[in-house]
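Written out below as structure tokens is the structure these notes cover.
Residue numbers (my numbering): 2 to 585.
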């Protein structure tokens, strides 16, 4: 497990340290489960059934609206050996969805499967008419969107005008009007009865491929063609990576898919590209946990889409040869280094801008930031970092093409960011060009001259929908750990009790410790040696990205921290390590 960033609250920020409330009873899970772990599960409303992460329980695809139309479309295309073109998105979910679609459809018998994920800065998001025009050079019979398409009304129309059929697979929230595609598979579309709405784009594609395999098996397709029936579980490493990297809620279905994917990664039964991404990030695949996918492999895939072309990441995932996968992963790692340098500069500029706003006036409740020098591929990360500092919805903008600004939004609990943008659009129809997204994150585009008016309108909606208490950061914890329980055995217990992630948060604890040593490593990380107040044991701890480069930390003799338990592995030895999330 790794920490994304240690949060040191700004002096002017209001925060509250709160015990995570129990959402269910402390159920008897079995004699082998410690009482403290039962409480942790109860705080996440987990039941014994919810902890059954075997594949046998997962619901069938029959509840997905549009699945039958999609299967008819694909079976007909298979019989004709139509040319298929996968049009993906430019993030880790899009990359894994695209790779899964290509690998799965080829394994099911399609001979002509290609993919296209154009540069985001030239063609924009989703199946736009411009992307359709580019797709026509590939002469496809059927376009299949993955992790996008639910808002692509004009693009779908352009494809059909060109005689190309369209199958949309997506998981994003739809607008008021759906595209007139030949089939749409999206658990969040109206009237879809599938009970698990939190699937990532790669999860939707996994379900579609599994349903298609079932249909073909029932029709004796594999035997008649003399090809092996593919095992869907072989691609769960891609599903796990895309699901964790897209930060979708880890409900029971997503936890099952991630758990099973992690099992295969640990056993080495995964794509060479996944192994190479973990390797270049310094992770041992044999001990992979969900956080390694979210903070190590995922960002390296995302870096390609943010700065260059996500096709590099897709090729890494498609590579059958480990040497090729390592070469591509090394390029992705270099892009990620570049991304971090760009992001660091943008963070410094944004922090200065926020400080000026705080000096001159009240900080807007809905904060919009723009700088002509910012990179549009990194504004989403910037919005997230600023949100962590000021704890309010943030939209960061960068220059796009033709006088347009591209914005990326990140929200806080209590405000559905896509719905907030929808409210702005309803009140001011001429402000926003296009938008889409989730409850916590969204993207949008608007004319540069509309920035000031949009910032005012967005702040007004946020002020209507939130109350002052919503702007106070709540830091939830799972209690204090007695000094005697700070053991590597308990750290192992917690690693095995996952996967942890969005809406099923990894347990964190709080406590007061004596500071025995503190030094900066890697320019921005704070390496600590701590002792519990109850004894003199020396414990290793690290707070990632807790220091501004060039500054020397000044810590008191004792500090209170919020932390997680982790296992540190170095030169074949294991030791307990505290991963510091907040220094209070």
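All residues carry an ideal CB built from backbone N, CA and C; glycine is no exception.
| query | result |
| --- | --- |
| Per the DSSP calculation, residue 575 is bridged to which residue(s)? | 570 |
| Check for me: the alpha helix (DSSP H) holding residue 124 runs from which residue to which? | 121-124 |
| Report the three-state DSSP secondary structure of residue 465 (helix, strand or coil). | helix |
| Give the list of continuous beta strand (DSSP E) stretches no shorter than 3 residues that lie fully inside the region 103-156. | 114-117, 143-147 |
| Is it true that the CB of residue 322 sits closer than 8 Å to the CB of residue 273? | yes |
| Can you grab the Cα-Cα spacing for the pair residue 121 / residue 441, in whole Å? | 21 Å |
| Please report how far the alpha carbon of residue 573 lies from the alpha carbon of residue 530, in whole angstroms. | 21 Å |
| Mind pulling the alpha helix (DSSP H) runs of 4 or more residues that sit fully within the region 385-451? | 418-428 |
| With distances taken Cα to Cα, identify the nearest neighbour of residue 492 among 555, 565, 526, 525. | 565 |
| Could you give the uninterrupted runs of the alpha helix (DSSP H) lying entirely in the region 16-100, keeping only those of 4 residues or more? | 36-43, 68-81 |
| Quick one: Cα of residue 438 to Cα of residue 444, how far? | 6 Å |
| For residue 98, count neighbouring Cβ atoms within 10 angstroms of its own Cβ and tell me buried if that reaches 16, exposed if not. | buried |
| Do the CB positions of residue 51 and residue 284 come within less than 8 Å of each other? | no |
| For residue 220, which of 325, 73, 22, 40 has the nearest alpha-carbon? | 73 |
| Mapping the DSSP letters down to three states, classify residue 289 as helix, strand or coil. | coil |
| Taking C-beta to C-beta, are residue 237 and residue 265 nearer than 8 Å? | yes |
| What span of residues does the beta strand (DSSP E) with residue 478 cover, start to end? | 474-478 |
| Who are the Cβ neighbours of residue 520 in its own chain at under 6 Å, not counting the five residues just before and after it? | 528 |
| Kindly indicate which three-state DSSP category residue 179 falls into: helix, strand or coil? | coil |
| For residue 1 and residue 179, I'd like the C-alpha separation in whole angstroms. | Because the chain in this structure spans residues 2 to 585, residue 1 falls outside the shown range and cannot be described. |
| To which residues of the same chain is residue 398 closer than 6 Å at the C-beta, ignoring the five residues directly before and after it? | 371, 406, 408 |
| According to DSSP, simplified to helix, strand and coil, what is residue 481? | coil |
| Candidates 39, 193, 222, 186: which alpha carbon is nearest residue 208's? | 186 |
| Please work out which residues of its chain come closer than 6 Å, Cβ to Cβ, to residue 417, disregarding the five sequence neighbours upstream and downstream, and give them in chain order. | 440 |
| Please classify residue 57 as buried or exposed, where buried requires at least 16 neighbouring CB atoms within 10 angstroms. | exposed |
| Identify which residue in 210, 171, 211 has its Cα closest to the Cα of residue 193. | 171 |
| Classify residue 496: buried if its beta carbon has 16 or more other beta carbons within 10 angstroms, exposed otherwise. | buried |
| Buried or exposed: which applies to residue 556, given that a residue is buried once 16 or more other Cβ atoms fall within 10 Å of its Cβ? | exposed |
| Given that a residue counts as buried once 16 or more other Cβ atoms are within 10 Å of its Cβ, and exposed if not, what is residue 303? | buried |
| Which residue comes first and which comes last in the alpha helix (DSSP H) that contains residue 315? | 312-319 |
| How is the beta strand (DSSP E) around residue 530 delimited, first residue to last? | 526-533 |
| Per DSSP, what kind of secondary structure is residue 185 in: helix, strand or coil? | strand |
| Can you tell me whether DSSP reads residue 584 as helix, strand or coil? | strand |
| Which residues in the same chain have their Cβ closer than 7 Å to the Cβ of residue 354, if we skip the five residues on either side of it in sequence? | 370 |
| Taking the C-alpha atoms as reference points, what is the distance between residue 142 and residue 197? | 31 Å |
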